Amino acid sequence: MRLFILLLLCGISDMLQASDSIPPIQLIHSGVSLTKSNSFRQTVDKATGSRIYQMTYIGVPLIAGGLLVKNKDKHFRSLRNEYLPVFRKRYDDYLQYLPAAVMLGMKAGGVEGRSSWGRMLASDAFSVVLMAAAVNSLKTTSKVMRPDGSNNHSFPSGHTATAFMTATMLSKEYGGRSPWYSIGAYSVATATGLSRMMNNKHWLSDVMVGAGIGILSTELGYYLADLIFKEKGIRRFSTETTFDRFSKPSFLGIYLGFNTLPGRHRLIDNSGIALSTGSNAGIEGAYFFNPYIGIGGRLTIANMPVILNNEAQNESLDMISGYAGAYFSYPFSSRWMVGSKLLAGYTYLPECTFTTITIGKKGSISMGTGCSLTFRAKQNLGIKFFFDYNLMKSPIPLKTRLLQVLTVGSVVAVSF
Numbered sequence: 396m397r398l399f400i401l402l403l404l405c406g407i408s409d410m411l412q413a414s415d416s417i418p419p420i421q422l423i424h425s426g427v428s429l430t431k432s433n434s435f436r437q438t439v440d441k442a443t444g445s446r447i448y449q450m451t452y453i454g455v456p457l458i459a460g461g462l463l464v465k466n467k468d469k470h471f472r473s474l475r476n477e478y479l480p481v482f483r484k485r486y487d488d489y490l491q492y493l494p495a496a497v498m499l500g501m502k503a504g505g506v507e508g509r510s511s512w513g514r515m516l517a518s519d520a521f522s523v524v525l526m527a528a529a530v531n532s533l534k535t536t537s538k539v540m541r542p543d544g545s546n547n548h549s550f551p552s553g554h555t556a557t558a559f560m561t562a563t564m565l566s567k568e569y570g571g572r573s574p575w576y577s578i579g580a581y582s583v584a585t586a587t588g589l590s591r592m593m594n595n596k597h598w599l600s601d602v603m604v605g606a607g608i609g610i611l612s613t614e615l616g617y618y619l620a621d622l623i624f625k626e627k628g629i630r631r632f633s634t635e636t637t638f639d640r641f642s643k644p645s646f647l648g649i650y651l652g653f654n655t656l657p658g659r660h661r662l663i664d665n666s667g668i669a670l671s672t673g674s675n676a677g678i679e680g681a682y683f684f685n686p687y688i689g690i691g692g693r694l695t696i697a698n699m700p701v702i703l704n705n706e707a708q709n710e711s712l713d714m715i716s717g718y719a720g721a722y723f724s725y726p727f728s729s730r731w732m733v734g735s736k737l738l739a740g741y742t743y744l745p746e747c748t749f750t751t752i753t754i755g756k757k758g759s760i761s762m763g764t765g766c767s768l769t770f771r772a773k774q775n776l777g778i779k780f781f782f783d784y785n786l787m788k789s790p791i792p793l794k795t796r797l798l799q800v801l802t803v804g805s806v807v808a809v810s811f
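In short: position in the sequence shown from 1, add 395, done, that's our numbering.
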């Protein structure tokens with residue numbers, strides 16, 4: 396789930412390769428022109444519109460994020476083991492090539508794309524060589540054991556690197572005609588990476604780094620071809636975009652975070668119980684009636700390791716939650732927004748048996764709120780960083796009647 400979340404919308408963001416153009420906005424307050432503020436915004440716009448930014452703003456964060464979550468791989472894998480312990484399908488062996496097959500089919504069918512045949516094949520050849528060199532060299536030097544223990548060539552995921560490479564190729568060639576080509580391509584790439592996790596062949600960090608390598612290799616491959624071919628055999632689609640500060644910030648995205656339940660608690664039999672930091676993944680979205688107020692909700696699953704009487708348990712505690720309510724936003728610039736929400740919902744805990752007690756198989760009414768900071772990376776892409784606070788009547792037989800759950804994470808979302 397986390398994987399699908401993180402990879403799907405990070406991948407979709409690459410669908411709009413054009414630099415963003417933000418018209419200067421002059422704000423007047425008490426008769427004074429805020430020219431310094433305008434100058435700063437123009438400087439930021441120039442930086443984000445540069446070729447180096449366009450080549451790296453997705454691939455580099457994916458690789459860095461994969462390295463950062465490497466020590467949390469087992470937490471994410473626990474979600475897979477809990478819900479899909481015996482999953483084994485081979486469709487990812489073929490799915491990784493689907494975007495390339497679509498690209499070649501459209502080209503052969505006469506659908507005009509970004510490049511001529513020669514330029515496209517040269518760009519793709521550079522991309523394949525760069526991707527294969529990076530993946531194979533890392534596999535042979537890192538020697539990371541696969542989750543299923545089959546071999547020590549886990550890092551990074553070659554299937555995922557190939558899928559995101561071919562998805563970026565299709566987006567490069569036909570994303571300018573319609574963003575739906577890119578959405579479809581990156582959805583397929585995301586499904587490939589998710590499948591590698593579901594098949595127990597890769598850790599989350601393997602897949603994230605593989606996705607970043609696939610995207611970066613293609614960006615660099617097309618850059619090298621551009622240096623060689625220059626203006627020969629290229630068609631440039633119109634890609635001008637502007638940001639309206641007061642547009643409705645409606646969104647639908649993937650919710651990723653880490654849960655923590657502060658403190659130690661006592662069960663009714665006086666046993667001591669504590670929950671370690673766990674993973675949280677789901678979907679969140681809201682429809683806004685104006686730039687400030689909307690309605691929406693989220694659906695998530697969470698997994699938290701349990702410590703009972705100072706002993707770590709083999710079983711972990713799962714939480715399935717659904718919330719709905721009011722969402723609030725304030726755009727303090729054309730690309731940055733602060734937000735909050737006030738939600739009500741229901742949380743269910745499946746049955747979980749430990750050495751001395753069985754808990755769960757019970758739900759409770761929950762309340763939630765939180766604060767967030769959103770950056771509009773593209774016209775149809777937003778990245779939100781959040782801190783959420785949830786309060787619920789304890790579904791666990793604790794002496795404490797109420798539980799406080801804190802979640803820190805991010806949402807990568809399609810804006811509409």
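Ideal Cβ placement from N, Cα and C applies to all residues, glycine included. The structure presented is a predicted model; accordingly, all values stated were derived computationally and were not measured.
Can you give the Cα-Cα distance for residue i and residue j, rounded to whole angstroms?
i    : j    : result
T539 : R640 : For the sequence presented, residue 539 should be read as Val rather than Thr. Spanning the two alpha carbons is a distance of roughly 46 Å.
L656 : L670 : 6 Å
G513 : I608 : 24 Å
A772 : Q708 : 42 Å
T764 : I696 : 17 Å
M787 : T742 : 8 Å
S810 : Q799 : 31 Å
V506 : A620 : 21 Å
A491 : V583 : According to the sequence displayed, residue 491 carries Gln and not Ala. Near 8 Å, if we compare the C-alpha coordinates of V583 and Q491.
V481 : L474 : 13 Å
Y448 : G717 : 37 Å
D487 : E626 : 37 Å
Could you name the residues that DSSP lists as bridge partners for residue i?
i    : result
L738 : G720 and G763
L797 : K788
K779 : T769 and V806
T695 : G677 and S716
P813 : Because residue 813 is not part of the residues shown, which for the chain are 396 to 811, the question remains open.
M732 : P726 and T769
R661 : G667
I690 : Y682 and A721
Considering residue i, what are the terminal residues of the alpha helix (DSSP H) in which it resides?
i    : result
G588 : P574 to M593
F646 : Element bounds for F646: not the alpha helix (DSSP H) but the beta strand (DSSP E), F646 to T655.
K814 : Any answer about residue 814 is impossible in this case: the structure gives the chain only from 396 up to 811.
F641 : F641 -> no alpha helix (DSSP H), and no H or E assigned at all.
K625 : From DSSP, K625 is part of no alpha helix (DSSP H); its letter is neither H nor E.
S502 : The question names Ser, yet the displayed sequence has Lys at residue 502. Counting along the chain, the alpha helix (DSSP H) containing K502 begins and ends at L493 to A503.
P456 : G454 to L463
S511 : Run containing S511: none; DSSP gives neither H nor E here.
With 16 other CB atoms within 10 Å as the buried threshold, where does residue i fall?
i    : result
E614 : buried
A496 : exposed
E706 : exposed
V524 : exposed
R591 : buried
V733 : exposed
Y569 : buried
L622 : exposed
D543 : exposed
I688 : exposed
I760 : exposed
I420 : Its pLDDT being 39, under 50, I420 is placed unreliably by the model, and the measurement read from it follows with that caveat. So I420 counts as exposed.
K756 : exposed
Please report the residue range of the beta strand (DSSP E) in which residue i lies.
i    : result
I447 : Counting along the chain, I447 falls outside any beta strand (DSSP E), though it belongs to the alpha helix (DSSP H) covering R446 to T451.
I668 : G667 to L670
At least one CB of chain D closer than 8 Å to the CB of residue i: is that the case?
i    : result
Y492 : The chain inventory of the structure shown lacks chain D, comprising one protein chain alone.
Would you say residue i touches the ligand SAH, meaning its beta carbon is less than 7 Å from a heavy atom?
i    : result
H660 : This structure does not include the ligand SAH; it has no bound ligands of any sort.
#### Entry: the segment 643-651 contacting the segment 671-681, beta-carbon criterion three pairs below 8 Å
yes
### Message
Would you call the segment 458-472 in contact with the segment 524-533, where contact means no fewer than 3 C-beta pairs closer than 8 Å?
### Response
no
### Query
Would the segment 745-763 and the segment 775-782 be scored as touching if the rule is three or more Cβ pairs under 8 Å?
no
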